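*Asks:*
Number of protein chains: 2
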Amino acid sequence: MSKATCWLGVDLGGTKMLAALFNDKFKLLAERKEKTGGHEGAKAVIGRLQQLIAETLAEAGLPAKQLGGIGLGVPGPVNVQTGAVISAPNLGWHNLPLQKILERSCHSPVRVYNDVDAGTYGEFRFGVGEQAHCVVGLFPGTGIGGGCIYEGKIFSGQEHSCFEVGHMQAVPDGRLCGCGRHGCLEAHASRLAIAADCAAAAYRGQAPALLELTGTDLRDVKSRTLAKAIAAGDSAVEDIVRRAARQLGVAAAGIVNLIAPDIIVLGGGLVEALEKLYLEEVREGIAQHAMPLLVNRVKVRAAQLGDHASVLGAAALVAEARRKP
Amino acid sequence: MSKATCWLGVDLGGTKMLAALFNDKFKLLAERKEKTGGHEGAKAVIGRLQQLIAETLAEAGLPAKQLGGIGLGVPGPVNVQTGAVISAPNLGWHNLPLQKILERSCHSPVRVYNDVDAGTYGEFRFGVGEQAHCVVGLFPGTGIGGGCIYEGKIFSGQEHSCFEVGHMQAVPDGRLCGCGRHGCLEAHASRLAIAADCAAAAYRGQAPALLELTGTDLRDVKSRTLAKAIAAGDSAVEDIVRRAARQLGVAAAGIVNLIAPDIIVLGGGLVEALEKLYLEEVREGIAQHAMPLLVNRVKVRAAQLGDHASVLGAAALVAEARRKP
Numbered sequence: 006m007s008k009a010t011c012w013l014g015v016d017l018g019g020t021k022m023l024a025a026l027f028n029d030k031f032k033l034l035a036e037r038k039e040k041t042g043g044h045e046g047a048k049a050v051i052g053r054l055q056q057l058i059a060e061t062l063a064e065a066g067l068p069a070k071q072l073g074g075i076g077l078g079v080p081g082p083v084n085v086q087t088g089a090v091i092s093a094p095n096l097g098w099h100n101l102p103l104q105k106i107l108e109r110s111c112h113s114p115v116r117v118y119n120d121v122d123a124g125t126y127g128e129f130r131f132g133v134g135e136q137a138h139c140v141v142g143l144f145p146g147t148g149i150g151g152g153c154i155y156e157g158k159i160f161s162g163q164e165h166s167c168f169e170v171g172h173m174q175a176v177p178d179g180r181l182c183g184c185g186r187h188g189c190l191e192a193h194a195s196r197l198a199i200a201a202d203c204a205a206a207a208y209r210g211q212a213p214a215l216l217e218l219t220g221t222d223l224r225d226v227k228s229r230t231l232a233k234a235i236a237a238g239d240s241a242v243e244d245i246v247r248r249a250a251r252q253l254g255v256a257a258a259g260i261v262n263l264i265a266p267d268i269i270v271l272g273g274g275l276v277e278a279l280e281k282l283y284l285e286e287v288r289e290g291i292a293q294h295a296m297p298l299l300v301n302r303v304k305v306r307a308a309q310l311g312d313h314a315s316v317l318g319a320a321a322l323v324a325e326a327r328r329k330p
Numbered sequence: 006m007s008k009a010t011c012w013l014g015v016d017l018g019g020t021k022m023l024a025a026l027f028n029d030k031f032k033l034l035a036e037r038k039e040k041t042g043g044h045e046g047a048k049a050v051i052g053r054l055q056q057l058i059a060e061t062l063a064e065a066g067l068p069a070k071q072l073g074g075i076g077l078g079v080p081g082p083v084n085v086q087t088g089a090v091i092s093a094p095n096l097g098w099h100n101l102p103l104q105k106i107l108e109r110s111c112h113s114p115v116r117v118y119n120d121v122d123a124g125t126y127g128e129f130r131f132g133v134g135e136q137a138h139c140v141v142g143l144f145p146g147t148g149i150g151g152g153c154i155y156e157g158k159i160f161s162g163q164e165h166s167c168f169e170v171g172h173m174q175a176v177p178d179g180r181l182c183g184c185g186r187h188g189c190l191e192a193h194a195s196r197l198a199i200a201a202d203c204a205a206a207a208y209r210g211q212a213p214a215l216l217e218l219t220g221t222d223l224r225d226v227k228s229r230t231l232a233k234a235i236a237a238g239d240s241a242v243e244d245i246v247r248r249a250a251r252q253l254g255v256a257a258a259g260i261v262n263l264i265a266p267d268i269i270v271l272g273g274g275l276v277e278a279l280e281k282l283y284l285e286e287v288r289e290g291i292a293q294h295a296m297p298l299l300v301n302r303v304k305v306r307a308a309q310l311g312d313h314a315s316v317l318g319a320a321a322l323v324a325e326a327r328r329k330p
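Protein chains in written order, with this note's numbering: chain A, 6 to 330; chain B, 6 to 330.
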């Protein structure tokens, strides 16, 4: 394989998709963005995805044979043996053989990863991960995603990607979760759960700044709106977010007790908008609930790479897979 | 190294220690048992341990040069780099450099492992573990121990053994744990927690069979006593044990969501005495709290090797370490 081989990373999100082309040293050569439009169905999304990939390669003026491979991050569990997407609720996908479909159309090796696994790997290699022995990524958003890089590789099940942090039990017999069970971390500490509580507080008159910013429709309660409402003095909003962040911290403590990671990376929109609050509460949750022996050994850090974590991670992962097959 | 190399495994427990000598195919050649007597201090215990090792070798008539190494399982977290015992509350040990001490006196390579890690490895290699991709061991006893074998090796922290399942949070603001925090799984679901609840039930007249068998001193409530009381019709005792077993199952579900193991091995005295009940409740806890995708893929099994799991595992681990240094 020539030294000039390039790698393409794609982050296929619920709202947008981002493709980025990197050289062999993972310097960015070109990138393109596109709306996902999942409501139009898998065929339309895959068509746009193929076009986005082609455009990104064209932008860099790269001949097809110089592309070493394509790595994709998708929002849901994947079959690590076949590269099929097992389920991606935000896209309405179930058991979609994405790797096969794209390999056929793109004439290039393709690997499919869970997006949080890819993002955590990105941070591990190029961000705050310091290439540590064990790095855990926690990404609270609409749901709560998790990923783990152990001894340089994604920690995964025999067949499935794993680290479904959002469905660890946070509260016995707690709130109804999207998965149909009760008390999952995601049902209590995701942005959606926070938004629901904040909209109720706004309705009750406890969050006047938020009420003015958004009204009571929880779809309008974005991460940055929460940050603005807190800055404007809505103590109820701060309360609700701190409580959710602390619950994430308690779950993180459980993870510390179990697998003793060296670094926990917090990422996603909520953490970007409210970094200080999240770092404080997660550290405190760990301090109170992890074994003392382990508390001081785990570093809690905010992600550094933002939107580029997953594309960098996916590109680097496919490069690794091609180098050491 | 000659084919006739032998390996010694030692399980250093809070009450007794067991040493077993195996040939290169892990056939048992000799074994000896001794009381631990931890109250007499580390020096006395180590003296007895050295004697036990010497006697076991003598029993097999083995010349020292044929011993490939000694593997020990100890009841507490260990430093995986140095083989020091970080803490073993049942022995009153803190930061004891056990590997160094024994290597000096035994003139043989020594490796120190957490006992549940060693036991889980034993089951992985020689018991119910089927040499699977990922095997988790859960051993409820006085505390609740956990271990994980991932891709053929003990899953561990950079410096420490890990998988401290007993200190995952089971109940927010729950019962006081031995570690000083509240709501740990161990504080709710260990044999000690069960014994405390059962002794109270006996005192209240809700567990007449248990009251006759043991009185109200929770030190007398052993695993087999619980099984006898349940068999004799103490429904309150069954209730208490089922509740604890279910809490273990909920924690197991969290582990399933996180790391998607292929097999969960349940072991220890409680499971030996009440195997059916434990298998039922842990399976049900997983069915109700793990992601549906993962529920049917994880097997829940009772350990097969009993007391031999840790000695076999420790011997096989030191053999592996010597073969691939």
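Ideal Cβ placement from N, Cα and C applies to all residues, glycine included.
None of the values given here were measured: they were computed from a predicted structure.
With respect to the beta strand (DSSP E) encompassing B:Glu-36, which residues constitute its N-terminal and C-terminal limits?
*Replies:* Segment 33-40, the beta strand (DSSP E) holding B:Glu-36.
*Asks:* Are the CB atoms of B:Val-121 and B:Gly-134 within a distance shorter than 9 Å?
*Replies:* Taking 9 Å as the Cβ cut-off, B:Gly-134 and B:Val-121 do not qualify as a contacting pair.
*Asks:* Do B:Gly-179 and B:Asp-185 have their beta-carbon atoms positioned less than 9 Å apart in this structure?
*Replies:* It is Gly, not Asp, that sits at residue 185 of chain B in the sequence shown. Taking 9 Å as the Cβ cut-off, B:Gly-185 and B:Gly-179 do not qualify as a contacting pair.
*Asks:* Which same chain residues, not among the five before or five after B:Tyr-208, have their C-beta less than 7 Å away from its C-beta?
*Replies:* If we look at B:Tyr-208 and ignore the five residues flanking it on each side, its Cβ neighbours are Thr-221.
*Asks:* How would you list, in chain order, the residues of chain B whose beta-carbon sits under 9 Å from the beta-carbon of A:His-165?
*Replies:* The answer, in chain order, is Ala-265, Leu-298, Leu-299 and Arg-302.
*Asks:* Go through the segment 194-270 of chain B residue by residue and report every complete run of the alpha helix (DSSP H) that reaches 4 residues or more, in order.
*Replies:* The segment 194-270 of chain B contains these whole alpha helix (DSSP H) runs: 196-208, 213-219, 228-236 and 240-264.
*Asks:* When burial is assigned at 16 or more other CB atoms within 10 Å of the CB, is B:Ser-240 buried or exposed?
*Replies:* That one is exposed.
*Asks:* May I ask you to report which of helix, strand or coil DSSP gives B:Arg-116?
*Replies:* Strand.
*Asks:* Check whether the segment 223-242 of chain A touches the segment 164-180 of chain A, taking contact to mean three or more Cβ pairs, one atom from each stretch, closer than 8 Å.
*Replies:* Contact fails: fewer than three Cβ-Cβ distances are below 8 Å.
*Asks:* For A:Phe-160, would you say it is in contact with chain B, using Cβ-to-Cβ distances shorter than 9 Å as the test?
*Replies:* True, the Cβ-Cβ gap to chain B drops below 9 Å.
*Asks:* Bridge partners for A:Asn-84 per DSSP, in chain order?
*Replies:* Answer is A:His-165, bridged to A:Asn-84.
*Asks:* Could you tell me the distance, in whole angstroms, from the CA atom of A:Gly-146 to the CA atom of A:Glu-277?
*Replies:* Looking at the two C-alpha atoms, the distance is approximately 11 Å.
*Asks:* Closer than 7 Å, Cβ to any Cβ of chain A: which residues of the segment 74-87 of chain B, in chain order?
*Replies:* Those residues of the segment 74-87 of chain B that come within reach of chain A (Cβ to Cβ, closer than 7 Å) are Pro-82.
*Asks:* From what residue to what residue does the beta strand (DSSP E) around A:His-99 run?
*Replies:* Where A:His-99 is concerned, the enclosing beta strand (DSSP E) stretches over 98-101.
*Asks:* Look at the alpha carbon of B:Met-6 and the alpha carbon of B:Gln-309, and state the distance between them as a whole number of angstroms.
*Replies:* Legend: pLDDT at B:Met-6 = 44, less than 50; position of this residue unreliable, no value from coordinates given.
*Asks:* Return yes when the Cβ of A:Cys-153 is within less than 9 Å of the Cβ of A:Phe-334, no when it is not.
*Replies:* The structure shown does not extend to residue 334 of chain A, since chain A spans only 6 to 330, so no value can be given for it.
*Asks:* Does the separation of the CB atoms of B:Val-170 and B:Ala-206 fall below 9 Å?
*Replies:* For B:Val-170 and B:Ala-206, no; Cβs fall outside 9 Å.
*Asks:* Which chain B residues are close to A:Phe-168, counting only those with a beta carbon under 9 Å from its beta carbon?
*Replies:* Within chain B, the residues near A:Phe-168 are Asn-262, Leu-263, Ile-264 and Ala-265.
*Asks:* How should A:His-193 be labelled, buried or exposed, when 16 other C-beta atoms within 10 angstroms of its C-beta is the threshold for buried?
*Replies:* When all chains shown are included, A:His-193 counts as buried.
*Asks:* Kindly give me the distance between the Cβ atoms of B:Ala-324 and B:Gly-74, rounded to whole angstroms, as I take these residues to be in contact under 8 Å.
*Replies:* Right, their Cβ atoms sit about 7 Å apart.
*Asks:* Out of A:Arg-328, A:Ile-58, A:Thr-10 and A:Ala-314, point me to the one whose CA is closest to A:Ala-123's CA.
*Replies:* When each option's Cα is compared against that of A:Ala-123, the closest is A:Ala-314.
*Asks:* Taking a contact to mean a Cβ-Cβ separation below 9 Å, would you say B:Leu-298 touches A:His-165 in this structure?
*Replies:* Closer than 9 Å, so yes.
*Asks:* If we ignore side chains and look at the alpha-carbon of each, how far apart do B:Glu-64 and B:Gln-56 end up?
*Replies:* Rounded to whole angstroms, B:Glu-64 to B:Gln-56 spans 12 Å at the Cα level.
*Asks:* Tell me the DSSP bridge mates of A:Tyr-126?
*Replies:* Looking at the DSSP assignment, A:Tyr-126 forms no beta bridge with any residue, so it has no partner.
*Asks:* Going by beta carbon distance, what residues of the same chain come within less than 6 Å of A:Ser-161, once the five residues before and after it are set aside?
*Replies:* Answer for A:Ser-161: Val-85 and Cys-167, listed in chain order.
*Asks:* Against chain B, with Cβ distances strictly below 9 Å, would A:Gly-151 count as a contact?
*Replies:* Chain B contact via Cβ: present.
*Asks:* Kindly indicate which three-state DSSP category B:Arg-302 falls into: helix, strand or coil?
*Replies:* DSSP places B:Arg-302 in coil when its eight states are reduced to three.
*Asks:* Kindly indicate which three-state DSSP category A:Phe-160 falls into: helix, strand or coil?
*Replies:* A:Phe-160: coil per DSSP, three-state reduction.
*Asks:* Would you decide whether A:Glu-128 is buried or exposed? Buried here means 16 or more other CB atoms lie within 10 Å of its CB.
*Replies:* By the neighbour-count rule (16 or more Cβ atoms within 10 Å), A:Glu-128 is buried.
*Asks:* Pull up the DSSP beta-bridge partners for B:Pro-145, would you.
*Replies:* B:Ile-149, per the DSSP bridge assignment.
*Asks:* Any Cβ of chain A within less than 9 Å of the Cβ of B:Arg-247?
*Replies:* Cβ-Cβ to chain A under 9 Å: no for B:Arg-247.
*Asks:* For A:Thr-125, is the classification buried or exposed, using 16 other Cβ atoms within 10 angstroms of its Cβ as the cut-off for buried?
*Replies:* Counting Cβ neighbours within 10 Å, A:Thr-125 comes out buried, since at least 16 surround it.
*Asks:* Look at the alpha carbon of B:Lys-32 and the alpha carbon of A:Gly-183, and state the distance between them as a whole number of angstroms.
*Replies:* When rounded, the distance between both Cα atoms is 51 Å.
*Asks:* Select from B:Phe-144, B:Ile-51 and B:Gly-76 the residue whose C-alpha is nearest the C-alpha of B:Ser-110.
*Replies:* Comparing Cα positions, the closest option is B:Ile-51.
*Asks:* Please state whether DSSP places B:Cys-139 in a helix, a strand or coil.
*Replies:* Reduced to three states, the DSSP call for B:Cys-139 is strand.
*Asks:* Determine the contact status of B:Leu-77 and B:Ala-319, defining contact as a CB-CB distance below 9 Å.
*Replies:* Yes, these two residues count as a Cβ contact at 9 Å.
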